[in-house]
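Colleague:
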Ligand SMILES: [Zn+2]
Ligand SMILES: [Zn+2]
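In the working numbering, the protein residues as written are 27 to 371.
Structure (structure tokens):
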């Protein structure tokens with residue numbers, strides 16, 4: 027089959043690789059869509075401790091089952107599916123405590139396992155049994171199903187930070203993830219959603235109805251804007267949906283008393299130290315939280331929300347490239363001209 031292989035850092039080539047070999051407990055998926063997320067771009071430039079090159083990247087995957095092993099009973103050839111990238115081991119300290127999100131040995135597609143920038147994906151037995159294969163409703167497109175992975179991560183974050191009815195939610199970062207957070211906050215019945223972004227030009231491509239106010243952080247004082255919008259009370263929840271130390275440092279000052287701040291975007295490993303005013307945590311009881319990844323349950327919930335049309339994400343994939351043009355796709359994704367870019371093998 028054909029696959030986009032990262033041979034070494036910043037060297038991505040399309041080449042023939044062996045077809046996945048079906049095993050009795052496994053399935054093979056014909057990949058229809060695999061989107062490019064910020065993590066893939068970071069791996070392209072810097073590699074990753076969990077990835078041995080050469081390797082096939084891509085973890086936001088949707089497709090159609092093309093072959094099913096003899097021991098698999100609940101999946102069928104032809105099923106339209108979304109794949110959750112992480113596979114928990116079921117045996118480690120955290121898995122035994124029912125906290126499989128923190129699994130100590132969780133191989134993932136596009137990391138230890140070959141990813142979705144290929145014509146076919148092998149889903150090994152262990153992954154099938156853990157439940158990473160979710161069937162999608164006829165009304166949900168493959169593109170939405172690939173993005174459901176991102177929605178699932180956002181869902182988990184908003185549960186952690188208890189976004190609820192009547193809340194004021196500030197989302198910092200207007201990439202696809204930030205837009206999904208805004209829409210999800212509205213679906214979670216937030217009273218007011220404020221989006222903070224510095225490259226507002228990019229926002230012209232998408233519907234911003236779910237954001238009650240857009241604050242351009244290049245042009246205005248974000249803290250003063252949030253104070254004015256909330257009659258001095260500031261936000262209940264602040265979600266930092268970008269990889270910016272400065273945004274993380276500022277986030278605490280945007281949260282009101284008892285507010286929750288969620289660091290949704292990671293920082294580069296050598297630049298991950300920040301300075302915060304710890305009195306905001308002590309006197310104002312602002313809690314500092316983080317979220318990373320999702321479980322198959324989050325993914326199922328995301329797919330269910332999409333099937334019920336509780337929020338739309340289909341417009342966030344603004345650019346599509348065939349697998350043959352994966353290098354151009356990565357360069358384009360990095361330009362931040364488009365919103366979300368997808369590979370259609
Ligand atoms: Zn991703
Ligand atoms: Zn585990």
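Yeah, the Cβ is synthetic: ideal placement off N, Cα and C, and Gly gets one too.
Based on the DSSP output, what are the partners of residue 242 in its beta bridges?
Modeller: Here residue 242 corresponds to residue number 216 of the chain shown, with the count starting at 1. The partner list for residue 242 (beta bridge, DSSP) reads 223.
Colleague: Buried or exposed: where does residue 177 fall if 16 or more other Cβ atoms within 10 Å of its Cβ makes it buried?
Modeller: As a first step, residue 177 is located in the chain shown; it is residue number 151 there, counting from the start. Its Cβ being crowded by 16 or more others within 10 Å, residue 177 is buried.
Colleague: Measuring CB to CB, does residue 261 end up less than 7 Å from residue 196?
Modeller: Stepping through the chain shown from its first residue, residue 261 is reached at position 235. Stepping through the chain shown from its first residue, residue 196 is reached at position 170. The answer is yes: Cβ separation under 7 Å.
Colleague: Judging by CA-CA distance, which residue of 358, 360, 341, 350 is the nearest neighbour of residue 167?
Modeller: Position 141 of the chain shown holds residue 167. The candidate whose alpha carbon is nearest that of residue 167 is 341.
Colleague: Have a look at the DSSP bridge pairing and note the partners of residue 33.
Modeller: Residue mapping note: residue 33 aligns to position 7 of the chain shown, counting from 1. For residue 33, which the question treats as bridged, DSSP gives no partner whatsoever.
Colleague: Does DSSP put residue 325 in a helix, a strand or coil?
Modeller: Your numbering for residue 325 matches position 299 in the chain shown. Reduced to three states, the DSSP call for residue 325 is helix.
Colleague: Quick one: what's got a C-beta closer than 7 Å to residue 277's C-beta in the same chain, skipping five residues either side?
Modeller: For the purposes of this step, residue 277 is taken as the residue at position 251 of the chain shown. Excluding positions up to five away in sequence, the list reads 198, 264, 266, 287.
Colleague: Could you tell me whether the Cβ atoms of residue 46 and residue 54 are closer together than 7 Å?
Modeller: For the purposes of this step, residue 46 is identified with residue 20 of the chain shown, where counting begins at 1. For the purposes of this step, residue 54 is identified with residue 28 of the chain shown, where counting begins at 1. Going by C-beta atoms, residue 46 is nearer than 7 Å to residue 54.
Colleague: Give a single yes or no on whether residue 65 has its beta carbon closer than 6 Å to a heavy atom of ligand 1.
Modeller: Position 39 of the chain shown, counting from 1, holds the residue named residue 65. For ligand 1, at least one heavy atom lies less than 6 Å from the Cβ of residue 65.
Colleague: Note down, in chain order, each residue of its chain lying with its Cβ closer than 7 Å to the Cβ of residue 126, except the 5 sequence neighbours on either side.
Modeller: Within the chain shown, the letter at position 100 stands for residue 126. Hits under 7 Å: 114, 120, 321.
Colleague: Does the pairing of the segment 134-141 with the segment 200-209 give three or more beta-carbon distances under 8 Å?
Modeller: Output reads no: the segment 200-209 does not touch the segment 134-141.
Colleague: Residues around ligand 2, please: the ones whose beta-carbon is closer than 5 Å to some heavy atom of it, in chain order.
Modeller: The set, ordered by position in the chain, is 114, 115, 118, 121, 129.
Colleague: Determine contact between the segment 97-117 and the segment 145-161, defined as no fewer than three beta-carbon pairs at a distance below 8 Å.
Modeller: The segment 97-117 is in contact with the segment 145-161.
Colleague: Can you determine whether any heavy atom of ligand 1 sits closer than 6 Å to the C-beta of residue 49, and answer yes or no?
Modeller: As a position in the chain shown, residue 49 is number 23, starting the count at 1. No; taking the cut-off as 6 Å, the Cβ of residue 49 has no heavy atom of ligand 1 nearer than that.
Colleague: Name the DSSP beta bridge partners of residue 91, please?
Modeller: Counting from one through the chain shown, the residue named residue 91 turns up at place 65. 55, per the DSSP bridge assignment.
Colleague: Quick one: is residue 243 buried, meaning 16 or more other Cβ sit within 10 Å of its Cβ, or exposed?
Modeller: Your numbering for residue 243 matches position 217 in the chain shown. Flag for residue 243 reads buried.
Colleague: In the DSSP assignment, what are the bridge partners of residue 134?
Modeller: On the chain shown, residue 134 is found 108 positions in, with the first residue counted as 1. Beta-bridge pairing links residue 134 to 112.
Colleague: Would you mind stating whether residue 61 and residue 366 have Cβ atoms separated by less than 7 Å?
Modeller: Here residue 61 is taken as the residue at index 35 of the chain shown, counted from 1. Here residue 366 is taken as the residue at index 340 of the chain shown, counted from 1. In contact: residue 61 and residue 366 (Cβ atoms closer than 7 Å).
Colleague: Report yes if the C-beta of residue 86 is less than 6 Å from at least one heavy atom of ligand 1; otherwise report no.
Modeller: Your numbering for residue 86 matches position 60 in the chain shown. Indeed, a heavy atom of ligand 1 lies less than 6 Å from the Cβ.
Colleague: Since I believe residue 148 is in contact with residue 52 (beta carbons under 8 Å), could you give me their beta-carbon distance rounded to a whole number of angstroms?
Modeller: Against the chain shown, residue 52 aligns to sequence position 26. Against the chain shown, residue 148 aligns to sequence position 122. So it is a contact: roughly 6 Å between Cβ atoms.
Colleague: Based on the DSSP output, what are the partners of residue 146 in its beta bridges?
Modeller: Against the chain shown, residue 146 aligns to sequence position 120. The partner list for residue 146 (beta bridge, DSSP) reads 56.
Colleague: Report all residues from its chain with a CB closer than 8 Å to the CB of residue 350; omit the five preceding and five following residues, and keep chain order.
Modeller: In the chain shown, the residue the question calls residue 350 occupies position 324. Excluding positions up to five away in sequence, the list reads 28, 40.
Colleague: Would the beta-carbon of residue 208 fall within 7 Å of that of residue 221?
Modeller: Start at 1 with the first residue of the chain shown, and residue 208 comes out as number 182. Start at 1 with the first residue of the chain shown, and residue 221 comes out as number 195. Cβ distance < 7 Å, so residue 208 and residue 221 count as in contact.
Colleague: Going by Cα to Cα distance, which pick from 146, 150, 88, 256 is closest to residue 12?
Modeller: A question about residue 12 goes unanswered here, because the residues of the chain that appear run from 27 up to 371.
Colleague: Just to confirm, is the Cβ distance from residue 210 to residue 188 under 7 Å?
Modeller: Numbered from 1 along the chain shown, position 184 holds the residue referred to as residue 210. Numbered from 1 along the chain shown, position 162 holds the residue referred to as residue 188. Cβ distance not < 7 Å, so residue 210 and residue 188 don't count as in contact.
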